[in-house]
Each structure stands twice: as C-alpha cells, then as structure tokens.
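Colleague: Have a look at this one before I ask anything.
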Amino acid sequence: MFVSVGRRLALVNVAVVLAVTALVGLVTFGLLRQSLDREADAVLADRASTAADSWEDLFKASPPLASPAPGAESNESNHDQKKPTHDDEKSHKSDDHDHDEAQDLVESGDALLFAVDTRGSVLANARGLDVPGLPDPASIAAALDGKPDARTISIEGEAMRVYTLPVDHDDRLVGFVQAARSTREHQEELRLVGMMSLAGIGLGAIVAIPVGLYLARRAMRPIEHAFARQRAFVADASHELRTPLTLIRATTELAQRLPDASPAVREELTGVLDEVDATSRLVDDLLLLARLDSNDLPLRREVVDLGPAVAAAAAPFAPLAEAAGLSLGVEAPHGLRASADPDRLRQILRILLDNAIAYTPAGGTIRVGVTGEGARARVAVQDTGPGIPATEQARIFDRFYRADPARTRATGGTGLGLAIARALVQAQQGEIGVESQPGQGTTVWFTLPLHPNHHA
Numbered sequence: 459m460f461v462s463v464g465r466r467l468a469l470v471n472v473a474v475v476l477a478v479t480a481l482v483g484l485v486t487f488g489l490l491r492q493s494l495d496r497e498a499d500a501v502l503a504d505r506a507s508t509a510a511d512s513w514e515d516l517f518k519a520s521p522p523l524a525s526p527a528p529g530a531e532s533n534e535s536n537h538d539q540k541k542p543t544h545d546d547e548k549s550h551k552s553d554d555h556d557h558d559e560a561q562d563l564v565e566s567g568d569a570l571l572f573a574v575d576t577r578g579s580v581l582a583n584a585r586g587l588d589v590p591g592l593p594d595p596a597s598i599a600a601a602l603d604g605k606p607d608a609r610t611i612s613i614e615g616e617a618m619r620v621y622t623l624p625v626d627h628d629d630r631l632v633g634f635v636q637a638a639r640s641t642r643e644h645q646e647e648l649r650l651v652g653m654m655s656l657a658g659i660g661l662g663a664i665v666a667i668p669v670g671l672y673l674a675r676r677a678m679r680p681i682e683h684a685f686a687r688q689r690a691f692v693a694d695a696s697h698e699l700r701t702p703l704t705l706i707r708a709t710t711e712l713a714q715r716l717p718d719a720s721p722a723v724r725e726e727l728t729g730v731l732d733e734v735d736a737t738s739r740l741v742d743d744l745l746l747l748a749r750l751d752s753n754d755l756p757l758r759r760e761v762v763d764l765g766p767a768v769a770a771a772a773a774p775f776a777p778l779a780e781a782a783g784l785s786l787g788v789e790a791p792h793g794l795r796a797s798a799d800p801d802r803l804r805q806i807l808r809i810l811l812d813n814a815i816a817y818t819p820a821g822g823t824i825r826v827g828v829t830g831e832g833a834r835a836r837v838a839v840q841d842t843g844p845g846i847p848a849t850e851q852a853r854i855f856d857r858f859y860r861a862d863p864a865r866t867r868a869t870g871g872t873g874l875g876l877a878i879a880r881a882l883v884q885a886q887q888g889e890i891g892v893e894s895q896p897g898q899g900t901t902v903w904f905t906l907p908l909h910p911n912h913h914a
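Per this note's numbering, the sequence shown starts with residue 459, numbered consecutively.
Put into structure tokens, the structure is as follows:
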C-alpha cells in the first residue's frame, strides 16, 4: 500500500514540477513575444512618422475620403494601380525576377514603406517593388477610425509585422503610411526560447522523477513505521486477549455447573458467555485484519473448481436460511477453475451469506451464483432485503461501519465482516463490490482470476 502511495506522490510531484516549468515557459514566451512586438512597432512607428513628413505634399494633393469608406476588396482591386515614385525602378526586369527581388527584400528584414490615400490607391512605394499583399488592406480599413493599427500578417509564408499610421491634414484624414518588416529575426528568438522551455521541461522530468521517488519514500517512511507499530499493537493485543477470554469462559462455565447456582445466576452467566463469544470473534477478526495488513497471512493458493467449492460453502447455510423463513438457491456450474485459497474462499462466502440472512426479511430469497467473465470468475450473493442507499454503498466495506447498527448488534456483528471479505479477496488478486437499490435487494459480488486452463 505504501509503495503505491509513494509512487502516486512522486507522480504528483513530477506533474507539479512539469506544470510549473511549462507555465513559466509559456509566460516567458508570451511576454517575450509581446516585448518583441512592441519593439517592432516602435521601430515601424518611427519609420512611418518620418515617411509621413517626407510625403506630406503627396497627401495634401490626395482626394478627400470617399463615402462609403473603402473596404478590403476595394483596396485589393486598386492594389495593381500602384504608382511608384522612384525613378530607379527597373521596369525592364521580368515579373519573375521582380518577384524574387521582392521576396529577398521581404526576407531581409528591411522596412517597407507605402503611402496610401483614403481611396486605397498607393501614392508612394519607398522600395519600388511590388510585394504581393502589401499594403495590407485590412490594416488600412482598421485605421480608418484615425487610430494607428499594428498587427502580424503572413506574406507568402513569411510573418510580417505591419504598422499603419493615419495621416491628417487640416483636421481631415488624407491617407495612411504603412510600414512593414519581416519578423524572422524575432521568430528565431522565440523559437530559441521555445526550445529552451521544452528542454527545461525534459530536464525537469528527468530530475523530478528520481527526486520525487526519493522524497516520497522518505516522507512515507515515518508513516509506514507508525502503521507497522499500530498493526503490531493490534496483533499483539488481540493475541494477548485470547488467554484471559479463554479463562473467563472456563470460569463462567464452571460457575454455571456449581450445584448451588440458582437459575437466575445461570441465566446471567449465559449472557456473560455470549459476550465472551462476541468479544472472541472481534479479537479473531482484528487479528486477521492485522495479519492481512502486514501481509503476514499465508495463503494456500491452488486451482479450485468454483462450482463445487461454492456449493459446499453454501450448504451449511441452508438450515439457517430455512429457520429464518428464507429460500436459499445456488447456481454454480462445474468447470470454472480459479486460483484461490479454498479456506479463505469459504470464509468470504460465510461472511456474505451471514449478512444476507441477517438482513433479508422472512419470505425472502437468497441466490448464490458463479459465472465466468473473461479471464475472471464472478461469485455473487443476491438477496431480496431492504437494499442499501447509494450514499452508504461506498462505506459498507469500511471497518466497523454498520448500515443498520441496531440489527447488527442484535445478530452479534462487529462491523468487520465485509472489511475482512474485501481484504481476503484483494489478497487473492480479486475485486469486490456491491449493487443495490433501496427496496430491491442487494447483490454483493467478488471476482477471482481464472486459472489459464480453467476449462480443463
């Protein structure tokens, strides 16, 4: 138990370390990206402002803002009407050569500057090259409200930071200066930070796993020792209580046989014997649980044909069920061979049948069934009792838990039966559970691994 708890603690530690490392990496990446964008925007804003001053005469001569305002489609339709102002434009080059030169210019990281009027027509192109997608019509449309616009767009697979500056003259919007440059250099920085973050996560995992396991083992050691001392105390106390209980029983039986003992005294002594028997059962149960907790209970594992074994274990309960006015039926076919301890299997069934008889009213029915489910055999004890509320079903296997304390006391129960059944099932690599609805009875089932040649 403590090994699995330690491993879970180690996994939680690793998950926390990786989550914190990843969070720090994401925050660092995001802050760096914002910082680089602000830096690029500041550079582009400065270039756009300088260009706006040099192109002041172009904007003064531009026509007033058209109504309605041009959209992205009108900007794109006028994109081919650019009128370069540089005399050194080499119009004799082929379109392919111009495209390559424009692509090289974009990738170089130099700023590209454009003057655009309010109708979307290009008034000036500082570089004199036709760059597809620039000026960006969406950025211009966003700047129509008179506020600068900054965004990142993609030009033929190249990320570009675009800054659009509205230009006013005599309190009216006369055009825009758009500055753009490649973010390749910034992308390389971000990629480096991302790789470092991933490396940090990997390194954190490599370091956190062994460190987490070591710290978990160290943290669990005092708890494990405390539980070991508790189990040893319970086992020792249970063992030591057997002797005085045996003496009390012998003395009480002797007192009952005294010739001068009155009937009233003998009746009282019979009650004492009943309490001694109940206490002895409790001591035996505690000792068994202590041995199960410390893995000190030897199991005689062998191949068991569950059909005959379950039928034999249920047979002694037929008279008890009949005396309680109940019908007990067993459906246990031969051939399902499981790896189990026959003695512990009978003990589990005794616990389940005891509970079924105790909680099923007269006239009810109890059914014991054995079925195969894949690589496991399923043994179920079904009754027609009052059922168990859903809120209590998860607790019925807890130690000393009693769904109906009054009835449990009346039948001499200790509240440990189902806890013992669960421990015995789990010790044989099985599972146990309950299915119940109030007023519709209860089914307590457990599974055991089938032997590879269970049909032999």
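We treat Cβ as the ideally placed atom computed from N, Cα and C, and that holds for glycine.
1) Looking only at DSSP bridge pairs, what is Glu726 linked to?
2) Count the other C-beta atoms from every protein chain shown that fall within 10 angstroms of the C-beta of His909, then say buried if there are 16 or more, exposed otherwise.
3) Pull up the distance between the alpha-carbon of Tyr859 and that of Ala877, whole angstroms please.
4) Just mark Leu757 as buried or exposed, buried being the case when its beta carbon has 16 or more other beta carbons within 10 Å.
5) Assuming the contact rule is C-beta atoms closer than 8 Å, Thr622 and Ser597 should be a hit. Round their C-beta distance to whole Å, please.
6) Given a cut-off of 8 Å, decide if Leu731 and His707 are closer than it, judged by their beta-carbon atoms.
7) Please go through the same chain and pick out, in chain order, the residues whose beta-carbon is closer than 8 Å to the beta-carbon of Ala657, but skip the five residues on each side of it.
8) Distance check for Ile611 and Glu646, CA to CA, integer angstroms please.
9) Per DSSP, Tyr621 forms a beta bridge with which residues?
10) Beta carbon of Pro624, beta carbon of Gly604: below 8 Å?
11) DSSP on Ile846, reduced to helix/strand/coil?
12) Leaving out the 5 sequence neighbours to the left and right, which residues in its chain are closer than 6 Å to Val472 when beta-carbon positions are compared?
13) Among the candidates His644, Arg759, Gln636, whose CA atom is the shortest distance from the CA of Leu906?
14) Nearest by alpha-carbon distance to Pro819: which of Ser655, Gly843, Leu803, Val828 is it?
15) Name the one or two DSSP bridge partners that Glu916 has.
16) Do the CB positions of Ala835 and Val828 come within less than 8 Å of each other?
17) Counting C-beta neighbours from all protein chains within 10 Å, is the total for Thr900 16 or more, i.e. buried, or is it exposed?
18) Going by DSSP, what residue range makes up the beta strand (DSSP E) through Ile824?
19) Tell me the residue span of the alpha helix (DSSP H) that contains Gln840.
20) Under a Cβ-count criterion, where at least 16 other Cβ atoms within 10 Å of its own Cβ denotes burial, should Ile806 be classed as buried or exposed?
21) Going by alpha carbons, who is nearest to Arg505 out of Val632, Ala569, Arg700, Ala608?
22) Cα separation between Val620 and Leu502?
23) Would you call the segment 880-895 and the segment 798-814 in contact, with 3 or more CB pairs under 8 Å?
24) Which residues in the same chain as Ala772 place their Cβ atom closer than 6 Å to its Cβ, once the five residues preceding and following it in sequence are excluded?
25) Looking at C-alpha atoms only, which residue of Ser493, Ala477, Gln840 is the closest neighbour of His644?
26) Going by Cα to Cα distance, which pick from Ala748, Arg649, Phe572, Leu648 is closest to Phe517?
27) With a threshold of 8 Å on Cβ separation, who are the neighbours of Thr737 within its own chain once the five nearest residues in sequence on each side are excluded?
28) I need the straight-line Cα distance from Asp626 to Gly586, nearest angstrom please.
29) Mapping DSSP to helix, strand and coil, what is Val669?
30) When the distance is taken between beta carbons, is Leu764 closer than 8 Å to Val837?
31) Output needed for Ala637: all residues of its chain with C-beta closer than 6 Å, excluding positions within five of it in sequence on either side, in chain order.
32) Within 10 Å of its beta-carbon, does Gln895 have 16 or more other beta-carbons around it, so buried, or fewer, so exposed?
33) So, are the CB atoms of Gly483 and Ile659 less than 8 Å apart?
34) Determine whether the beta carbon atoms of Phe487 and Leu592 lie at a separation below 8 Å.
35) Is the Cβ-Cβ distance between Val580 and Gly633 less than 8 Å?
36) Around the Cβ of Ile681, are there at least 16 other Cβ atoms within 10 angstroms (buried) or fewer (exposed)?
Modeller: Once the coordinates are examined:
1) Locating residue 726 in the sequence shown gives position 268, counting from the first residue. Per DSSP, Glu726 has no beta bridge partner at all.
2) Working through the sequence shown from its first residue, we reach residue 909 at position 451. Taking all protein chains shown into account, His909 has 16 or more neighbouring C-beta atoms within 10 Å of its C-beta and is therefore buried.
3) Taking the first residue of the sequence shown as position 1, residue 859 is located at position 401. Taking the first residue of the sequence shown as position 1, residue 877 is located at position 419. In this model, Tyr859 and Ala877 are separated by some 9 Å (Cα to Cα).
4) Position 299 of the sequence shown, counted from the start, is the residue given in the question as residue 757. Only exposed fits Leu757, as fewer than 16 other CB atoms lie within 10 angstroms of its CB.
5) Along the sequence shown, one-based indexing puts residue 622 at 164. Along the sequence shown, one-based indexing puts residue 597 at 139. Correct: roughly 4 Å between the Cβ atoms.
6) Here residue 707 refers to the residue found at position 249 of the sequence shown. Here residue 731 refers to the residue found at position 273 of the sequence shown. The residue asked about is misnamed: residue 707 is Arg in this sequence, not His. Yes; because the gap between Cβ atoms is below 8 Å, this pair is in contact.
7) Position 199 of the sequence shown, counting from 1, holds the residue named residue 657. Contacts found: none.
8) Here the question's residue 646 lines up with position 188 in the sequence shown. Here the question's residue 611 lines up with position 153 in the sequence shown. Approximately 17 Å between the Cα atoms of the pair.
9) Taking the sequence shown and counting its residues from 1, the one referred to as residue 621 is at position 163. Ala608, Ala637.
10) Against the sequence shown, residue 624 aligns to sequence position 166. Against the sequence shown, residue 604 aligns to sequence position 146. Taking 8 Å as the Cβ cut-off, Pro624 and Gly604 qualify as a contacting pair.
11) Locating residue 846 in the sequence shown gives position 388, counting from the first residue. Of the three classes helix, strand and coil, the one that applies to Ile846 here is coil, per DSSP.
12) Counted from its first residue, the sequence shown places residue 472 at position 14. If we look at Val472 and ignore the five residues flanking it on each side, its Cβ neighbours are Ala666, Ile667, Gly670.
13) On the sequence shown, position 448 is the one that residue 906 refers to. Of the candidates His644, Arg759, Gln636, the one whose C-alpha sits nearest the C-alpha of Leu906 is Arg759.
14) Reading the sequence shown from its first residue, position 361 is the one you call residue 819. Of the residues Ser655, Gly843, Leu803, Val828, the one whose Cα lies closest to the Cα of Pro819 is Gly843.
15) An answer regarding residue 916 cannot be provided, because it is not within the stretch 459 to 914 covered by the chain.
16) Locating residue 835 in the sequence shown gives position 377, where the first residue counts as 1. Locating residue 828 in the sequence shown gives position 370, where the first residue counts as 1. Cβ distance < 8 Å, so Ala835 and Val828 count as in contact.
17) The residue labelled residue 900 in the question sits at position 442 within the sequence shown. Buried, because 16 or more other Cβ atoms sit within 10 Å of the Cβ of Thr900.
18) For the purposes of this step, residue 824 is taken as residue 366 along the sequence shown, with counting starting at 1. Ile824 -> beta strand (DSSP E) spans 823-831.
19) The residue you call residue 840 lines up with position 382 of the sequence shown. If you look at Gln840, you'll find it isn't in any alpha helix (DSSP H); it sits in the beta strand (DSSP E) that goes 834-841.
20) Numbered from its first residue, the sequence shown carries residue 806 at position 348. With 16 or more other Cβ atoms within 10 Å, it is buried.
21) For the purposes of this step, residue 505 is identified with residue 47 of the sequence shown, where counting begins at 1. For Arg505, the closest C-alpha among the options Val632, Ala569, Arg700, Ala608 is that of Ala569.
22) Within the sequence shown, the letter at position 162 stands for residue 620. Within the sequence shown, the letter at position 44 stands for residue 502. It is roughly 8 Å from the alpha-carbon of Val620 to the alpha-carbon of Leu502.
23) The answer is yes - the segment 798-814 touches the segment 880-895, with three or more Cβ pairs under 8 Å.
24) Along the sequence shown, one-based indexing puts residue 772 at 314. So the qualifying residues of the chain are Val788, Val826.
25) Along the sequence shown, one-based indexing puts residue 644 at 186. Scanning Ser493, Ala477, Gln840 for the CA closest to the CA of His644 turns up Ser493.
26) Mapped onto the sequence shown, residue 517 falls at position 59. Its Cα nearest to that of Phe517, the residue Phe572 stands out among Ala748, Arg649, Phe572, Leu648.
27) For the purposes of this step, residue 737 is taken as residue 279 along the sequence shown, with counting starting at 1. Sequence-distant partners of Thr737 (beyond 5 residues in either direction) whose C-beta falls short of 8 Å from its own C-beta, in its chain, are Leu699, Leu703.
28) If you number the sequence shown from 1, residue 626 lands on position 168. If you number the sequence shown from 1, residue 586 lands on position 128. Straight-line spacing of the CA atoms in Asp626 and Gly586 works out to 24 Å.
29) The count along the sequence shown starts at 1 and reaches residue 669 at position 211. Helix at Val669.
30) Walking along the sequence shown from the start, residue 837 turns up at place 379. Walking along the sequence shown from the start, residue 764 turns up at place 306. By the CB criterion at 8 Å, Val837 and Leu764 fall inside the cutoff.
31) On the sequence shown, residue 637 is found 179 positions in, with the first residue counted as 1. Cβ contact annotation for Ala637 (same chain, cutoff 6 Å, sequence separation greater than five): Leu502, Arg505, Ala506, Ala569, Leu571, Tyr621, in chain order.
32) Along the sequence shown, one-based indexing puts residue 895 at 437. Gln895 should be labelled exposed.
33) Translated into the one-based positions of the sequence shown, residue 483 becomes position 25. Translated into the one-based positions of the sequence shown, residue 659 becomes position 201. Remark: C-beta atoms of Gly483 and Ile659 approach each other more closely than 8 Å.
34) Position 29 of the sequence shown, counting from 1, holds the residue named residue 487. Position 134 of the sequence shown, counting from 1, holds the residue named residue 592. For Phe487 and Leu592, no; Cβs fall outside 8 Å.
35) Locating residue 580 in the sequence shown gives position 122, counting from the first residue. Locating residue 633 in the sequence shown gives position 175, counting from the first residue. For the pair Val580 and Gly633, the CB atoms are not nearer than the 8 Å cut-off.
36) To locate residue 681, count along the sequence shown from 1; it is residue 223. Note on Ile681: under 16 other CB atoms within 10 angstroms of its CB, so exposed under the neighbour-count rule.
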